[in-house]
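**Student:** Here it is, the structure in full.
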Amino acid sequence: MKIATFNINGIKARAEALPAWLDAAKPDVVVLQEIKSVDDAFPRDLFEDRGYNVETHGQKSFNGVAILSKHPLEDVSRGLPGDDDDDQSRYIEATVVDDHAALRVCGLYLPNGNPAPGPKFDYKLAWMDRLRARAETLLAEEMPFLMAGDYNIIPQAEDAAKPDSWRDDALFRPAAREKFRRLLNLGLTDAFRARTQGPGHYSFWDYQAGAWNRNNGIRIDHFLLSPACADWLRDCQIDRDVRGGDKPSDHVPVWVDLDF
DNA sequence: ATGACCACGTATCGTGGA
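Sequential numbering from 1 applies to the first sequence in UniProt numbering.
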């Protein structure tokens, strides 16, 4: 089973590029971030016509996440537990059911956190604590799961072309990276790093300053796999060429191939 | 050395992104 994550930076702006990538890459499941659309305005037909079930958790103008799946989606839940006052649409979960097994798929759009320090950075750190609590709950339930999405975290210096320029940024500050490391230390696997080592692998290139042409990128879109899910990992790749296509998002898809 | 983008809304700029 091929499962992908893709921050599309607006479904209206990506109404051509996203279906084109789906038709080429043929993922079974996709978690989307930054749909920037309310649920009612999401163009479900684009995906249902291609055989996907569609579940959205949208919001006007900003944020918004979704899951597309060629397999049935069960027990859909919207929002990250732990703060009833949080009205930002950044998290969705569903169980993907196959003939043989079930996998809990968590799609997330982690807060950017800039400027840091400040209230937005505090929100990011608190959100990461809530995400860790959710991971702990899922681990205790012993259902195989993965958490995929735009983490807005550069895990290590090798995950940025110019790490020095990110030194004080919310994506690279030690306090944020520590929270990410604590997620890993629960026993989760960074799927990409389980398959590929070394620098030069990025999932985001800024629209500004010719970042794509200069390959000035960062790796911030991640798959974290539970232990049972990690046992199924066959491959993890970044579809970097998508960044050079027509009217691209500033992120590219990342996907895993699971023996599931 | 330096500058440089894009999406959204009800909009011709302000806000947010990373």
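Note that CB positions come from ideal geometry on N, CA and C, so glycine has one too.
Residue 137: buried (16+ other C-beta within 10 angstroms of its C-beta) or exposed?
**Tutor:** It counts as exposed.
**Student:** Are there three or more Cβ pairs, one per stretch, closer than 8 Å when the segment 145 to 160 is compared with the segment 104 to 111?
**Tutor:** Cβ pair count under 8 Å is three or more, so yes.
**Student:** May I ask you to list the residues that DSSP assigns as paired with residue 7?
**Tutor:** Paired residue(s): 33.
**Student:** If you count every other CB in all the chains shown that lies within 10 Å of the CB of residue 26, and 16 or more means buried, which is it?
**Tutor:** Answer is exposed; the Cβ neighbour count stays below 16.
**Student:** Please list the terminal residues of the continuous alpha helix (DSSP H) segment that includes residue 168.
**Tutor:** Taken as a continuous stretch (DSSP letters only), residue 168 belongs to no alpha helix (DSSP H), as it is neither H nor E.
**Student:** Leaving out five residues on either side along the sequence, give the residues of the same chain with a beta carbon under 8 Å from the beta carbon of residue 51.
**Tutor:** Same-chain partners within the cutoff: 70.
**Student:** Identify which residue in 179, 161 and 232 has its Cα closest to the Cα of residue 213.
**Tutor:** Ranking the options by Cα distance to residue 213, first place goes to 161.
**Student:** Mapping DSSP to helix, strand and coil, what is residue 234?
**Tutor:** Correct three-state label for residue 234: strand.
**Student:** Taking the alpha-carbon positions, what's the residue 73 to residue 82 distance?
**Tutor:** The alpha-carbon atoms of residue 73 and residue 82 are separated by roughly 24 Å.
**Student:** Quick check on residue 189: does DSSP put it in helix, strand or coil?
**Tutor:** In the structure shown, residue 189 sits in a strand (DSSP, three-state: E or B).
**Student:** Would you kindly work out how many angstroms separate the C-alpha atoms of residue 174 and residue 93, rounded to a whole number?
**Tutor:** Near 28 Å, if we compare the C-alpha coordinates of residue 93 and residue 174.
**Student:** Using three-state DSSP, classify residue 75 as helix, strand or coil.
**Tutor:** It is a strand residue.
**Student:** Taking a contact to mean a Cβ-Cβ separation below 7 Å, would you say residue 131 touches residue 154 in this structure?
**Tutor:** No, the pair does not count as a contact, with Cβ atoms beyond the cut-off.
**Student:** Residue 18 to residue 222, Cα distance in whole Å?
**Tutor:** About 19 Å.
**Student:** Alpha carbon to alpha carbon, how far is residue 55 from residue 33? Give it in angstroms, no decimals.
**Tutor:** Their backbone Cα atoms lie some 12 Å apart in a straight line.
**Student:** So residue 238 and residue 256 are in contact, right, with Cβ under 8 Å, and what is the actual spacing, rounded?
**Tutor:** In fact, because the Cβ distance is near 11 Å, the residues do not count as touching under 8 Å.
**Student:** Determine the DSSP secondary structure at residue 2, reduced to helix, strand or coil.
**Tutor:** Residue 2: strand per DSSP, three-state reduction.
**Student:** To the nearest angstrom, report how far apart residue 23 and residue 240 are at their CA atoms.
**Tutor:** Taking the straight line from one Cα to the other gives about 16 Å.
**Student:** Anyone know if the C-beta pair for residue 29 and residue 76 falls short of 7 Å?
**Tutor:** Cβ distance not < 7 Å, so residue 29 and residue 76 don't count as in contact.
**Student:** Would you list the residues sitting across from residue 53 in a DSSP beta bridge?
**Tutor:** Note: residue 53 sits in a beta bridge opposite 69.
**Student:** Is residue 207 closer than 7 Å to residue 250 when the C-beta atoms are compared?
**Tutor:** Yes, the Cβ-Cβ distance between residue 250 and residue 207 is below 7 Å.
**Student:** Taking 7 Å as the cut-off, decide whether the C-beta atoms of residue 121 and residue 226 are in contact.
**Tutor:** Cβ distance not < 7 Å, so residue 121 and residue 226 don't count as in contact.
**Student:** Who pairs with residue 143 in a beta bridge, going by DSSP?
**Tutor:** For residue 143, which the question treats as bridged, DSSP gives no partner whatsoever.
**Student:** Go to residue 104, then tell me how far its alpha helix (DSSP H) extends in each direction, as first and last residue.
**Tutor:** Counting along the chain, residue 104 falls outside any alpha helix (DSSP H), though it belongs to the beta strand (DSSP E) covering 102 to 109.
**Student:** Could you give the distance in angstroms between the alpha-carbon of residue 243 and the alpha-carbon of residue 204?
**Tutor:** Approximately 8 Å between the Cα atoms of the pair.
**Student:** Using the three-state DSSP reduction, which class does residue 278 fall into: helix, strand or coil?
**Tutor:** Outside the displayed span of the chain (1 to 260) sits residue 278, for which this structure offers no information.
**Student:** Would you tell me roughly how many angstroms separate the C-alpha atoms of residue 259 and residue 118, rounded to the nearest one?
**Tutor:** Cα to Cα, residue 259 sits roughly 43 Å from residue 118.
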